[in-house]
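Residue numbers (this note's numbering): 712 to 768.
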Amino acid sequence: MSDLSDKAKDFASSDKGEKATDAGLDKAAGAADKATGGGHGDQIDKAEHAADGKIGN
Numbered sequence: 712m713s714d715l716s717d718k719a720k721d722f723a724s725s726d727k728g729e730k731a732t733d734a735g736l737d738k739a740a741g742a743a744d745k746a747t748g749g750g751h752g753d754q755i756d757k758a759e760h761a762a763d764g765k766i767g768n
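And the structure:
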């Protein structure tokens, strides 16, 4: 299982992985913004940037 985790970390750190994780985070942020009626955009943006800092490059 550790090998799979290492492969996922390596992928997330690659350019292709960075683009994929950014796209996923952007999609999740858009869904959260839509679900809250746009009333919590600043908090959603902060959470998206915090998550992006923990994933990938």
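All C-beta atoms, glycine included, are put in the ideal place defined by N, C-alpha and C.
In this text, all values refer to a predicted model and were calculated from it rather than measured experimentally.
About 6 Å separates the Cβ atoms of D744 and G752, confirming a contact at the 8 Å cut-off. By the criterion of a C-beta distance shorter than 7 Å, Q754 is surrounded by no residue of its chain, once the five residues flanking it on both sides are discounted.
For T747, the three-state secondary structure derived from DSSP is coil. Around the beta-carbon of T747, fewer than 16 other beta-carbon atoms lie within 10 Å, marking it exposed.
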